[in-house]
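First up is the structure itself, then whatever we jot down about it.
Protein chains: 2
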Amino acid sequence: MTSFALTAILSFAVALAIGPSCLKWLKKLKFGSTENELGPESHKSKQGTPVMGGVIFFVPIALIGLILLIVEREVCLAMALATTLCFAAVGFADDYIKLSKKRSVGLTPKQKMIPMLVFSFLLSLWAYLTPEIGPTLIVPFTGNRWDIGVFYIPLMTFILVGTVNSANLLDGVDGLLSSCAVVDYLTMGAICLALAASAAGGGDTPPESWGPLYGVINADSMRKLSFFCAAAFGAVLGFLRFNTHPARVFMGDGGSFTIGGALAAVCMISGTSLFLPVIALAMFVSSLSDIIQVGYFKYTKKKTGAGKRVFRMAPLHHHFELGGMEETRIVWMYTAATVLLCALSLGTFIK
Amino acid sequence: MTSFALTAILSFAVALAIGPSCLKWLKKLKFGSTENELGPESHKSKQGTPVMGGVIFFVPIALIGLILLIVEREVCLAMALATTLCFAAVGFADDYIKLSKKRSVGLTPKQKMIPMLVFSFLLSLWAYLTPEIGPTLIVPFTGNRWDIGVFYIPLMTFILVGTVNSANLLDGVDGLLSSCAVVDYLTMGAICLALAASAAGGGDTPPESWGPLYGVINADSMRKLSFFCAAAFGAVLGFLRFNTHPARVFMGDGGSFTIGGALAAVCMISGTSLFLPVIALAMFVSSLSDIIQVGYFKYTKKKTGAGKRVFRMAPLHHHFELGGMEETRIVWMYTAATVLLCALSLGTFIK
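Chains E and D, in that order, are what the protein sequence lines are. Counting from 1, position 119 in the first sequence corresponds to residue 1555 in the numbering used here; the numbering is continuous, with no gaps. Counting from 1, position 299 in the second sequence corresponds to residue 1735 in the numbering used here; the numbering is continuous, with no gaps.
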């Protein structure tokens, strides 16, 4: 835990140190936000806030991830870093195009989805073929392992793409995604440390049913993976300095793809992907509300000729915003729910 | 951990459930804030925000604490609850007088200090005489135990009074004390669970030097104490619903005394009081900056005839506020520092 904390503090310090220069650089490049015309009216005032602020946490995550990889030479760290970089690349490409062309849509949905699907498929295949990871998933709350064989590949592909897209949808209110992500990374760090403790055999924590897990998950790998979580945790905590309401910078797609990618990566590697709908419920409901809204609109339009909406606006946080809830209170609500759900999830690993 | 999370969720739900009625009741009683004339100019606009909102988290803490005590019949829980109630009584008395007389000062400093000193002395004596607690303190980072004998009583009296007063000083910006307190209670819960795990003997976590600790701290007591932390954690997290910027209610002295009292109690009982300057650094610097400011002012006034100030205004958070920092960013800074320091402290207990 001491190494975890020190890694987090280092990453936090890097984010804070590069933050002001990044802001200046983004402003100089006139990388201001072009608010989506479909967003809430009140967001019009946010026009001009620099975007692509995701670099502020991307740099420490990538940098510390790379140093860890070089020092530790660990396949888990390589996979975590590769996953983060792949998705970050798509996100930052989207941001760059959006900004250099001064429009609110960058890559077309297809141009985003195809590389994401390809990356996700390849990463899932890699995880499937790596003996330390393999096709087993830990079931939330019971702690049982579930070996799903070759179905692991399509399922994990779906989870990776889904998580990254959901993180992207959750990013719509000052500090919302970053606050939830901080809690998620801390939780994943604790889960990795708990898995390391049980794999080391000395733990008092694992349910009896975990027997076979000991052979598979390597205590040392999980401990090293926890440092990656620490880097992500510290970096995003530092980024909140600039992103908390009133935001001085937005993370952009590059940022949200980095956050989603790093989180999905850590879950994939530690076999805890099935925990994502719990610990990242905030992301999950953003996607779900979007799907419901669009689906219901299309359905009612087809049936009655006039499209109806379920929410005032999707994703869900805009529904609350248009209902008169302050941004800070929306952030409180999502973060508090995430904290409590994460505490509940930790119960699977810590008695 | 599952019981911890469920207790926290219950406490959170109680705070949310009673919050709106409390707000209505406080508004009806015209218990609006009378801003201190010595506070920052910008706070004048906060005049009229209901205070004494501390009841919103005091009720769930006291209620769940009492239920736990009745069910578990545990001396640690009795002590935690008694400490919290003693300080809360002083705080709420101060609030009540302040409000019923519509002035910004309630009890005189002496009228506050005397009962606080008496309570603190009696509680320290009780802890000293309780074999499970006794006069030993865990040293931060090394994890060694330090038996300070009868000096425990004056030291603990000072720590109790100091923590409660410091918590009171930290309460000056929307959501500042509550955010830091949430992190502190969660950390203390984790420390209690880690102590329980090491006391149970199965843990892989305690430093070798902890040998004698096993005989003293009872695994079961520490586990039960963690539920008290969970109640406090959940309740204050729920209160943030109403206290986060822009605040709809202030906690008042009753609230800050409850927070300080409960935190100091949990540290006293688990023998981790020496961690307070680390995990509650935010409170500590508030006191320290106040002492420096007043001391320097008096010193310079005596020496040169004109009093000089070190900070724009004390406690420290007002210094940042007058420097142009937004309230939300001050809360970010204090909370982020608390999170990182808490993670570092946990390293003493969790490898």
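All C-beta atoms in this analysis are idealised placements derived from N, C-alpha and C, irrespective of residue type, glycine included.
Since I believe E/Val-1685 is in contact with E/Val-1618 (beta carbons under 8 angstroms), could you give me their beta-carbon distance rounded to a whole number of angstroms? With a contact defined as Cβ atoms closer than 8 angstroms, E/Val-1618 and E/Val-1685 miss out at about 16 angstroms.
Which residues of chain D have a Cβ atom closer than 9 angstroms to the Cβ of E/Leu-1782, listed in chain order? Going along chain D in sequence order, the residues near E/Leu-1782 (Cβ under 9 angstroms) are Met-1437, Thr-1438, Phe-1440, Ala-1441.
Sufficient close CB pairs (3 or more, under 8 angstroms) joining the region 1518 to 1538 of chain E to the region 1713 to 1725 of chain E: Taking a cut-off of 8 angstroms for Cβ pairs, the region 1518 to 1538 of chain E and the region 1713 to 1725 of chain E do not touch, as fewer than three such pairs fall below it.
In the region 1756 to 1772 of chain D, which residues sit with their C-beta less than 7 angstroms from some C-beta in chain E, listed in chain order? From the region 1756 to 1772 of chain D, only Glu-1762, Thr-1764, Arg-1765, Trp-1768, Ala-1772 have a Cβ closer than 7 angstroms to chain E.
Option in E/Gly-1670, E/Gly-1760, E/Phe-1494, E/Leu-1752 with minimal Cα separation from E/Thr-1443: Of E/Gly-1670, E/Gly-1760, E/Phe-1494, E/Leu-1752, the residue nearest in Cα terms is E/Gly-1670.
Measuring only from the beta carbon, is D/Pro-1590 closer than 8 angstroms to any heavy atom that is part of the ligand NAD? What this structure holds is no ligand at all, so the ligand NAD is not there to describe.
7 angstroms CB neighbourhood of E/Pro-1648 in its chain, flanking five on each side removed: Its pLDDT being 43, under 50, E/Pro-1648 is placed unreliably in this model, and the value from its coordinates should be taken loosely. Counting only Cβ-Cβ distances below 7 angstroms, and skipping sequence neighbours, we find Arg-1581.
Let's test the definition: count the other Cβ atoms within 10 Å of the Cβ of D/Trp-1646 and tell me whether it reaches 16, buried, or not, exposed. The predicted position of D/Trp-1646 is uncertain, since its pLDDT is 45 and thus under 50; a value taken from the coordinates is nonetheless stated next. Taking all protein chains shown into account, D/Trp-1646 has 16 or more neighbouring C-beta atoms within 10 Å of its C-beta and is therefore buried.
Nearest-angstrom Cβ-Cβ length linking E/Gly-1674 and E/Phe-1493, presumed shorter than 8 angstroms: Going by Cβ atoms, the distance from E/Gly-1674 to E/Phe-1493 rounds to 7 angstroms, so yes, they are a contact pair.
What three-state label does DSSP hand E/Thr-1740 in the structure shown? DSSP, reduced to helix, strand and coil, places E/Thr-1740 within a helical segment of the structure shown.
For the region 1594 to 1613 of chain D against the region 1562 to 1581 of chain D, do three or more pairs of beta-carbon atoms, one drawn from each stretch, fall closer than 8 angstroms, so that the two count as touching? Under the Cβ criterion (8 angstroms, minimum of three pairs), the region 1594 to 1613 of chain D does not count as touching the region 1562 to 1581 of chain D.
Could you check whether D/Leu-1605 and D/Pro-1751 sit closer than 9 angstroms to each other, using their CB atoms as the reference points? Result yes, Cβ atoms of D/Pro-1751 and D/Leu-1605 sit closer than 9 angstroms.
Closer than 8 angstroms by C-beta to E/Ser-1598: which residues in its own chain qualify, once you throw out the five before and the five after it? Chain order, please. The question names Ser, but residue 1598 of chain E is Gly in the sequence shown. These residues qualify, in order along the chain: Ser-1723.
Anything in the region 1444 to 1461 of chain E with a Cβ closer than 7 angstroms to a Cβ of chain D? List those residues in chain order, please. Legend: CB atoms of the region 1444 to 1461 of chain E lying less than 7 angstroms from CB atoms of chain D belong to residues Ala-1444, Ile-1445, Phe-1448.
List the residues that DSSP assigns as beta-bridge partners of E/Trp-1582. Beta-bridge pairing links E/Trp-1582 to E/Leu-1573.
Straight-line CA distance for E/Cys-1512 to E/Leu-1629? C-alpha of E/Cys-1512 to C-alpha of E/Leu-1629: approximately 14 angstroms in a straight line.
Pick out whichever of E/Met-1769, E/Thr-1680, E/Cys-1616, E/Val-1767 has its Cα sitting closest to the Cα of E/Leu-1712. If you compare the alpha carbons of E/Met-1769, E/Thr-1680, E/Cys-1616, E/Val-1767 with that of E/Leu-1712, the shortest gap goes to E/Cys-1616.
Three-state secondary structure (DSSP) at D/Thr-1784? Residue state for D/Thr-1784 is assigned as coil, using DSSP reduced to three classes.
E/Pro-1682 touches chain D at which residues, Cβ-Cβ below 9 angstroms? Near E/Pro-1682 (Cβ distances below 9 angstroms), the residues of chain D are Glu-1762, Thr-1764, Arg-1765.
Would you list, in sequence order, the uninterrupted alpha helix (DSSP H) runs of no fewer than 4 residues that lie entirely inside the region 1647 to 1714 of chain E? Within the region 1647 to 1714 of chain E, the complete alpha helix (DSSP H) runs of at least 4 residues fall at 1649 to 1652, 1655 to 1679, 1688 to 1706.
Buried/exposed call for D/Arg-1509, threshold 16 Cβ in 10 Å: D/Arg-1509 should be labelled exposed.
Any Cβ of chain D within less than 9 angstroms of the Cβ of E/Val-1775? Taking Cβ atoms only, chain D reaches closer than 9 angstroms to E/Val-1775, which makes this a yes.
Since D/Ile-1500 contacts D/Leu-1446 with CB under 8 angstroms, what's their CB separation in whole angstroms? Contact flag correct, Cβ pair sits at about 7 angstroms.
Starting from D/Leu-1612, find everything on chain E with Cβ-Cβ shorter than 7 angstroms and list it in chain order. Near D/Leu-1612 there are no residues of chain E at all, since even the closest Cβ is about 13 angstroms away, more than 7 angstroms.
Answer yes if the region 1567 to 1578 of chain E comes into contact with the region 1703 to 1712 of chain E, meaning at least three C-beta pairs across the two stretches below 8 angstroms, and no otherwise. In short, these stretches touch, since the Cβ pair count reaches three.
Report the rounded CA-to-CA distance for D/Asp-1393 versus D/His-1753, giving the unit in angstroms. Missing from the structure shown is residue 1393 of chain D; chain D here goes from 1437 to 1787 and no further.
Check this for me: beta carbons of E/Leu-1505 and E/Met-1488, under 9 angstroms apart or not? Contact annotation: E/Leu-1505 and E/Met-1488 have beta-carbon atoms that are not nearer than 9 angstroms.
9 angstroms is my cut-off, CB to CB: does D/Leu-1553 come that close to chain E? Not one chain E Cβ lies under 9 angstroms of D/Leu-1553.
Counting only C-beta atoms, is D/Ile-1421 closer than 9 angstroms to chain E at any point? Since the displayed chain D opens at 1437 and closes at 1787, residue 1421 of chain D lies outside it and no answer follows.
Just to confirm the assignment, what range does the alpha helix (DSSP H) spanning D/Met-1549 have? DSSP places D/Met-1549 inside the alpha helix (DSSP H), whose first and last residues are 1545 to 1565.
Please classify D/Leu-1782 as buried or exposed, where buried requires at least 16 neighbouring CB atoms within 10 angstroms. Taking all protein chains shown into account, D/Leu-1782 has 16 or more neighbouring C-beta atoms within 10 Å of its C-beta and is therefore buried.
Beta carbon proximity, E/Ala-1668 to chain D, threshold 9 angstroms: At a cut-off of 9 angstroms between C-beta atoms, E/Ala-1668 does not count as an interface residue with respect to chain D.
Relative to the alpha-carbon of E/Glu-1477, which residue among E/Ile-1503, E/Ile-1584, E/Ile-1786, E/His-1755 has its alpha-carbon at the smallest distance? Measuring C-alpha to C-alpha distances from E/Glu-1477 to each of E/Ile-1503, E/Ile-1584, E/Ile-1786, E/His-1755 identifies E/His-1755 as the nearest.
So, is the C-beta of D/Gly-1475 closer than 9 angstroms to a C-beta in chain E? No - not a single Cβ of chain E is within 9 angstroms of the one on D/Gly-1475.
Contact defined as beta carbons within less than 8 angstroms: I believe D/Ala-1779 pairs with E/Phe-1440. What is the distance between those atoms, to the nearest angstrom? The pair is a contact, with the Cβ atoms about 7 angstroms apart (cut-off 8 angstroms).
Could you check how far apart the C-beta atoms of E/Phe-1528 and E/Gly-1690 are, in whole angstroms? I think they sit under 8 angstroms. About 4 angstroms separates the Cβ atoms of E/Phe-1528 and E/Gly-1690, confirming a contact at the 8 angstroms cut-off.
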